[in-house]
Ligand SMILES: *Cc1c(COP(=O)(O)O)cnc(C)c1O
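Residue numbers (full-length UniProt numbering): 1 to 412.
Set out below in structure tokens:
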């Protein structure tokens with residue numbers, strides 16, 4: 001194992017992004033040995049606490065209600081402003097197509113309904129059996145609500161959706177294809193441009209869930225001609241627990257696609273308080289209620305950090321981290337029954353690696369007790385989420401050494 005230790009030291013020594021680690025909050029004494037869950041809850045930046053204090057004492061505490069409309073950064077414009085910041089740093093999207101609001105679940109509902117409404121006369125939704133639960137549940141609800149048929153693609157839970165599989169199900173009845181760009185369990189990185197093209201050839205729209213790619217894998221929504229996308233900000237964007245989500249709606253679709261939660265904040269001239277709902281022009285029409293300002297502040301800081309690091313550099317380090325983790329696991333004796341349940345080809349792998357084996361739910365508990373924090377994904381996977389800006393190569397090797405130690409001591 002010490003061979004891996006020295007490799008990790010070397011890789012950390014030549015890592016251009018190593019300096020970003022010191023921008024994160026240092027956990028209190030004895031509370032952490034290795035954090036491998038940056039794809040469930042990213043770590044906070046040190047700047048976040050003083051920035052929140054400043055918001056409380058400054059714009060909220062001193063300017064009060066005036067902050068919604070006055071000054072050079074009025075709160076009212078944050079949904080679009082922060083949306084554009086995310087779009088530039090992580091989504092490959094021009095301004096005016098992204099907003100921050102709600103949660104991923106709610107935005108998924110709003111955008112799926114908007115997309116389906118823009119394809120009248122079509123009554124099928126394509127999705128896959130291994131998509132994240134909230135995606136499946138939301139679409140089940142929509143199919144019941146609108147009397148649509150769900151066309152399920154059976155995907156390999158240790159790989160993921162392929163263009164061929166999509167080709168086989170899309171047809172003239174397909175309104176919408178809803179998939180994750182990076183699969184939450186296996187880390188499979190879907191061929192989004194190719195799948196988008198296939199859906200379009202059948203006359204359908206696509207809605208990509210970017211929760212596990214935003215801030216980890218480069219995305220080119222404009223170049224790929226994606227119609228709709230959603231994603232969360234508390235994973236690789238380090239926005240904090242329950243931080244609001246983002247939605248992308250392609251410019252040319254914005255006046256055709258209407259979202260169903262017609263709140264006052266998405267209305268044209270909300271403060272006229274007039275009768276009847278008329279959507280605001282452009283992406284603003286996808287906002288429903290009062291923007292979550294406090295929740296957006298840490299997101300802005302996370303996105304600002306990402307834009308300094310650069311998503312291409314983040315991706316390079318991500319591939320190095322996941323490749324190292326796979327090499328270490330591959331060196332373990334086969335008697336342990338551990339397998340890599342993620343794609344081995346880095347071209348098809350996002351920012352996390354799942355390793356699976358017998359009794360891994362218990363192993364996860366023991367790792368947490370030892371201060372090593374991955375997460376467990378049913379039925380038998382330990383998911384290593386390696387956020388490149390906050391994770392070192394040494395941390396990965398250290399965590400896997402603790403895990404190997406636990407597996408060695410297990411009764412046969
Ligand atoms: C984390 C995640 C979500 C989370 O949705 P919330 O509404 O924030 O709970 C949705 N989809 C995917 C693929 C995820 O990984």
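For glycine and all other residues, C-beta sits at the position ideal for the given N, C-alpha and C. Since this is a predicted model, take the numbers as computed values, not measurements.
By DSSP's assignment, residue 35 forms a beta bridge with 373.
The bridge partners DSSP lists for residue 382 are 355, 376. Within the segment 252–311, the runs of alpha helix (DSSP H) at least 4 residues long that lie entirely inside it are, in chain order, 293–309. The alpha-carbon of residue 247 is positioned some 5 Å away from that of residue 98.
A Cβ-Cβ separation of about 20 Å leaves residue 230 out of contact with residue 255 under the 8 Å criterion. Checking the 7 Å criterion, the Cβ of residue 103 is within range of a heavy atom belonging to ligand 1. Under the three-state reduction of DSSP output, residue 216 falls in the coil class, being neither helix nor strand. Around the Cβ of residue 23, a 10 Å sphere holds 16 or more other Cβ atoms; the residue is buried.
Residue 357 places its beta carbon less than 8 Å from that of residue 338. For residue 45, no beta strand (DSSP E) segment is defined, and its DSSP state is neither H nor E. Taking all protein chains in view, the Cβ of residue 171 is surrounded by fewer than 16 other Cβ atoms within 10 Å, so the residue is classified as exposed. Taking the Cβ of residue 252 as the reference point, every heavy atom of ligand 1 lies at 7 Å or farther away. For residue 24, the secondary structure class from DSSP, reduced to helix, strand or coil, is strand.
Contact check for residue 352 and residue 8: beta-carbon distance about 18 Å, past the 8 Å limit, so the pair fails to qualify.
For residue 160, there is no enclosing beta strand (DSSP E), as DSSP gives it neither H nor E. At a Cβ-Cβ threshold of 8 Å, residue 341 and residue 154 do not count as neighbours. The closest CA to that of residue 187, considering only 134, 130, 221, 243, is found on 130. Contact between residue 112 and residue 139 holds, since their C-beta atoms are separated by about 6 Å, short of 8 Å. Here residue 128 is buried: its Cβ has 16 or more other Cβ atoms, across all protein chains shown, within 10 Å.
When secondary structure is reduced to three states using DSSP, residue 75 falls in the helix class. Collapsing the DSSP output to three states places residue 117 in a helix.
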